[in-house]
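Chains as they are written, first to last, in the numbering used here: chain V, 41 to 228; chain U, 41 to 228.
Here a beta-carbon is modelled for each residue, glycine too, at the ideal position from N, C-alpha and C.
There are 2 protein chains.
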Amino acid sequence: MTRKQEIIDVCIEMIDKEGFLNLSIKTIAERLGIKPPSLYKHFQGGLDEIKEAIKVYGWNSIDIKIAKSAVGKSREDGLKAMCYALREFAHEHPGVFEAICWHNSYTSELNHEITKGVISSLYSILDSLGFSEAVKMHVLRSLRGFVEGFSMLELHGSFGDEITLDESFAYGVDALITGIMKGQENVG
Amino acid sequence: MTRKQEIIDVCIEMIDKEGFLNLSIKTIAERLGIKPPSLYKHFQGGLDEIKEAIKVYGWNSIDIKIAKSAVGKSREDGLKAMCYALREFAHEHPGVFEAICWHNSYTSELNHEITKGVISSLYSILDSLGFSEAVKMHVLRSLRGFVEGFSMLELHGSFGDEITLDESFAYGVDALITGIMKGQENVG
DNA sequence: CCTTTTGGCTAATATCATTAGCCTTAAGTT
DNA sequence: AACTTAAGGCTAATGATATTAGCCAAAAGG
């Protein structure tokens, strides 16, 4: 494993514990037992480059996880599995999730490229459901909106009662997918 | 209008244009034509206090807007109107929206208090629909997850094609509310 | 044995946020 | 009118952090 990758791994551990916004050159260096300037030997772009690398790692992990989750499932079950997989990733890697959802550079080319990979897994499930191109996009956005929104809100403690979060999520996924499939009844 | 309020107004204008994360003592002072230390005459707590004040303003505005949106409407229509109102707020005040959704202090007492006000408007509509207590909570969380998630993703440019965002949102709201009402058919 | 790459270090600079302490002006008070 | 106080601003100083420049040791490879 390259030193660069070692550093990214440590950063991921850190942000999952302390939050993405608390990541700094100073704390990374401390955690690694080196002095701040040494980090620039690996990331000339400084903190920005490190954060970017974390996002790339994040997108790739999510891509893999979502793709795997739908293997062997079809239609609603596949969609549902993907929703659960995404939320599960958010729980496993809250910091990484925060990074890729809300700290996207508004104009990053790289992110666009990588996002396409993730989207493609979702698209292929949607293909099997006979949606039109336009509807596929609406479905995709709706699911992303719900799952990413719900996950981020729960990770931030924005829902009062922590107890029944799993049921709330299950309820929401069911409702959304029910509504989506219902709109499709008289089509394909 | 007190000087304090004037400053908050300017900050809101700034974050709606530049994003919440770019708000700094330096830029606020520049924008006001004063020197950075002068700001501490109005906000002894520094940047943190200013950001907190912005969130309070934000919660109050949203509360009002959502409550108004549902006046004279009932059942699905009321729910739908609230979803649209929340997204509309996000478009009108992207920076404020960002602040209150994703930069909540995890443990702020104040926020909890204020959030309750907002939630109460939503709850009263849900009451009219005959949901059980538990289901009301699930519905509320699902709607918040979807609307806040969708809005934040679109504001960040995370959905490729900007053109059809309105339709995608309408599609998602319909699907979700359809699913919610369907689960309710054989109840009350 | 020489050379290059890797990974680290110290010292110096720039940018902010924040604190301390001073000053002016306008509003009240006696 | 003279005094006092509060508002709102300023300069100078401190402290944290990111970043740059330039030096150094040790390992890898010829």
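CB contact flag (U/K105, U/A139, <7 Å): Walking along the second sequence from the start, residue 105 of chain U turns up at place 65. Walking along the second sequence from the start, residue 139 of chain U turns up at place 99. Contact flag unset, no.
Buried versus exposed call for U/H131 [16 or more other C-beta atoms within 10 Å across all chains shown]: Numbered from its first residue, the second sequence carries residue 131 of chain U at position 91. Exposed, since its Cβ has fewer than 16 Cβ neighbours within 10 Å.
Three-state secondary structure (DSSP) of U/T67: Along the second sequence, one-based indexing puts residue 67 of chain U at 27. Reduced to three states, the DSSP call for U/T67 is helix.
For U/N100, three-class secondary structure by DSSP: Position 60 of the second sequence, counted from the first residue, corresponds to residue 100 of chain U. Here U/N100 sits in helix by DSSP.
Proximity of V/V187 and V/R127 at Cβ, strictly below 7 Å: Here residue 187 of chain V refers to the residue found at position 147 when the first sequence is read from its first residue. Here residue 127 of chain V refers to the residue found at position 87 when the first sequence is read from its first residue. Going by C-beta atoms, V/V187 is nearer than 7 Å to V/R127.
U/T218 in three-state terms, based on DSSP: On the second sequence, residue 218 of chain U is found 178 positions in, with the first residue counted as 1. Three-state DSSP puts U/T218 in a helix.
Proximal chain V residues relative to U/L193, where beta-carbon distance stays under 7 Å: Taking the first residue of the second sequence as 1, we reach residue 193 of chain U at position 153. Under the 7 Å cutoff, chain V gives R184, G185 and E188.
Interface partners of U/S168 on chain V, CB under 7 Å: In the second sequence, the residue the question calls residue 168 of chain U occupies position 128. Ordered by position in chain V, no residue passes the 7 Å Cβ test against U/S168, which lies about 18 Å from the chain.
V/G228 versus V/E116 - alpha carbon distance: Counting from one through the first sequence, the residue named residue 228 of chain V turns up at place 188. Counting from one through the first sequence, the residue named residue 116 of chain V turns up at place 76. Note that V/G228 scores 44 on pLDDT, short of 50, meaning its location in the model is unreliable and no value can be drawn from it.
Top-ranked residue by Cα proximity to U/S161, from U/G197, U/S109 and U/M192: Against the second sequence, residue 161 of chain U aligns to sequence position 121. Ranking the options by Cα distance to U/S161, first place goes to U/S109.
Three-state secondary structure assigned by DSSP to V/M177: The residue given as residue 177 of chain V occupies position 137 in the first sequence. V/M177: helix per DSSP, three-state reduction.
In chain order, each alpha helix (DSSP H) run of at least 4 residues that lies wholly inside the stretch 46-95 of chain U: 65-72
C-beta neighbour in chain V for U/L216, strict 7 Å: Counting from one through the second sequence, the residue named residue 216 of chain U turns up at place 176. Interface residue, yes.
Extent of the continuous alpha helix (DSSP H) run through U/L169: What you label residue 169 of chain U is simply residue 129 of the second sequence in a count that begins at 1. Neither: U/L169 is in no alpha helix (DSSP H) and is coded neither H nor E.
Contacting residues, own chain, Cβ-Cβ under 8 Å from V/Y97 (five flanking each side not counted): On the first sequence, position 57 is the one that residue 97 of chain V refers to. Result list for V/Y97: I48, I52 and V136, in chain order.
Residue nearest to U/P134 in terms of C-alpha spacing, selected from U/S78, U/L183, U/G189 and U/P77: Position 94 of the second sequence holds residue 134 of chain U. Among U/S78, U/L183, U/G189 and U/P77, the Cα nearest to that of U/P134 is on U/G189.
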